[in-house]
Amino acid sequence: MISPAPVTATASQQPDSTGTTSVSPRIGVLLVNLGTPDSPSVPDVRKYLREFLMDGRVIDIPFVSRAMLVNLIIAPFRSPKSAKVYKQVWTDRGSPLKFYSEDVTALLQQQLGADYKVMLGMRYQNPSIASALEQFNNKGFEHIIVIPLFPQYASATTGSVYEEVMRIISNWQIIPQVSFVNYFLNHPKFIEAFASIGKKHLEKYKYDHFIFTYHGLPERQIRKGDSSNTCLQGDCCASWGVRNRHCYRAQCFETTRLLAKALNISESKYTVTFQSRLGKDPWIKPYTDDVILELTKKGIKSVLAFSPAFVADCLETTIEVGEEYKELFEKNGGKHWQLVESLNNHPLWVDTLSDLVKANTQKLYV
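The sequence shown maps to residues 1 to 366 in our numbering.
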C-alpha cells in the first residue's frame with residue numbers, strides 16, 4: 001500500500017473584499033515562551049507571580065494549599081523584591097525575554113514566508129496563548145505547529161503549554177491538525193548556536209572550569225514522570241535514551257554533553273548544576289551555589305557559565321547566573337566569572353525553529 005505523499009506548504013488563493021486574489025497561509029506556527037510582567041511595577045509583578053505560581057504544574061500541590069501559599073505568602077512578600085530585580089533587566093523595549101521572543105517571531109515569519117502565519121504567545125501574561133491562537137481559529141488553517149521555547153521537556157514548562165493549548169482549542173468548532181515540538185535540545189543548529197556564542201568568550205580568556213546551569217525542579221516532579229523507576233538513582237543521567245527520554249534532568253545532562261563535545265571541553269573540566277530552587281522540599285542536584293563553593297575551595301579561579309535551559313536573556317540568566325553567582329564566586333576567592341549570553345535573536349536559533357517547523361510540515365497529508 002502506497003502512503004500519500006506529504007504536501008508542501010502552499011498558501012491558498014482567496015479573493016479579498018475588492019475581488020483581488022490574496023495569499024492566505026495554510027499553516028499556523030505558535031511560539032510560546034514562559035512570560036513576563038507587563039511592567040516592573042510591584043502590582044504587575046504580583047499579578048504575574050500569581051498566575052505563574054498558581055499553575056498546578058508549576059507548584060504541584062493541592063489547590064487550596066497552593067492558593068494559600070501563593071496568595072498569602074509568596075506573591076505579597078516576593079513581588080516587591082522581584083520588582084526591583086525586573087527593573088535591573090528592563091530596557092526601553094521592555095523585558096528582554098519578551099522583545100527577543102518578538103524578534104525571533106518576526107525573523108521566523110520572514111524566513112518561512114507567506115505559506116505560514118507565525119504568532120507569539122506567553123504562557124503567563126501577555127500576549128496570551130489564547131490571543132495568539134485566536135488568529136488561527138476558523139480561518140482556514142489546516143495545521144497548527146506549537147513550539148514551546150524550552151529546549152528540554154518539563155511538565156512545569158512544556159507540559160503546561162500543551163495543557164493550555166489543548167484547553168483552548170478543545171472549544172473550537174473546527175479543530176485543525178495540531179502538532180507539538182516536545183524538545184529540541186539535540187537539534188544540531190541549537191547546539192551550534194550556543195557553542196558559537198561560547199566560543200567568542202573562549203577566544204578572549206582561558207577558563208579553569210565550565211558550569212552548565214539549568215533551572216531546577218522539585219525531585220517529586222521528576223519521580224512523577226518516571227515510568228522506569230530509575231530516575232535520581234546512581235548514574236541514571238549518564239546516558240539519554242528510551243528509558244529516560246522525558247526526564248528533564250537526563251535531558252539537561254545530554255544537552256551538556258553535546259555542547260561540551262562541540263566546544264571540545266573534556267568531562268573533567270565541566271559540571272552540570274541546577275539553580276532557582278524554591279521552598280524546603282529537595283530539588284534536583286547538584287545545586288549551582290553549592291558547586292560554586294566547592295570549586296573555589298579547589299582553587300578554581302575562572303569559570304565560564306552556560307545556561308542552556310533558556311533561549312532568551314531573563315532574570316534567571318542575566319541576574320541570577322550573571323550577577324548573583326558571580327558575586328558568590330568572587331566573594332569566595334574566584335577571580336573571573338563570565339556568563340554566556342542566551343540565543344536571543346541569533347540567526348542559527350531562527351534556523352533551528354525554521355527546521356522544526358518544516359519537519360512538522362511534512363506530517364501534513366492530503
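The C-beta atom is built at its ideal place from N, Cα and C for all residues, glycine as well.
The criterion of a C-beta distance shorter than 8 angstroms is not satisfied by Lys331 and Asp208.
With contact defined as three or more Cβ pairs closer than 8 angstroms, the region 107 to 124 and the region 286 to 293 are not in contact. Put simply, of Glu316, Ala312 and Val340 the residue whose alpha carbon is nearest the alpha carbon of Val32 is Ala312. In the structure shown, Ala305 falls within a strand segment according to DSSP collapsed to helix, strand and coil.
For the pair of segments examined, the region 227 to 243 was found not to touch the region 163 to 179: the number of CB pairs separated by less than 8 angstroms stays below three. Separation of the CB atoms of Arg243 and Ser228 is rounded to 5 angstroms, and the pair is thereby assigned contact status at 8 angstroms. In this structure, the straight-line span from the alpha carbon of Phe306 to that of Ser101 is close to 20 angstroms. Under the 10 Å beta carbon count, Ala154 is surrounded by 16 or more other beta carbons and is classified as buried.
Its chain contains Gly28 and Pro176 as the residues whose beta carbon lies nearer than 6 angstroms to that of Phe141, once the 5 sequence neighbours on both sides are disregarded; these appear in chain order. The Cβ atoms of Ser41 and Ala83 lie closer than 8 angstroms to each other. Residue pairing of Lys117 in beta bridges, as defined by DSSP: Gly28. For the options Ile147, Ile292 and Lys280, the alpha carbon positioned closest to that of His336 is the one of Ile292. Short of 6 angstroms from the beta carbon of Ile145, and not among the five residues preceding or following it, lie these beta carbons of its own chain, in chain order: Val29, Ser179, Val357 and Asn360. Phe212: member of the beta strand (DSSP E) spanning His209 to His215, first to last residue.
The way I'd put it, the region 105 to 113 doesn't touch the region 83 to 93; fewer than three beta-carbon pairs between them come closer than 8 angstroms.
Under the three-state reduction of DSSP output, Arg257 falls in the helix class. In this structure, DSSP gives Asn137 a state outside helix and strand, which the three-state scheme calls coil. DSSP places Phe180 in the strand class (E or B) of the three-state scheme.
For Thr288, the enclosing alpha helix (DSSP H) begins and ends at Thr288 to Lys297. Its Cα nearest to that of Gln362, the residue His143 stands out among His143, Leu69 and Val70. For the pair Lys261 and Gln275, the Cα-to-Cα distance works out to about 23 angstroms. Excluding its 5 nearest sequence neighbours in each direction, Val272 has C-beta neighbours in its own chain below 7 angstroms: Phe212, Cys252, Phe253 and Thr256, listed in chain order. Between the C-alpha atoms of Glu163 and Arg220 there is a straight-line separation of about 20 angstroms. Assigned with DSSP and collapsed to three states, Pro347 falls in helix. In its own chain, leaving out the 5 sequence neighbours on each side, no residue places its CB closer than 6 angstroms to the CB of Lys298.
CA-to-CA, the gap between Tyr214 and Lys98 works out to about 20 angstroms. Bounds of any alpha helix (DSSP H) do not take in Phe274; it lies within the beta strand (DSSP E) bounded by Tyr270 to Gln275.
Between Glu267 and the set Ser95, Phe210 and Gln135, the nearest pair of CA atoms involves Phe210.
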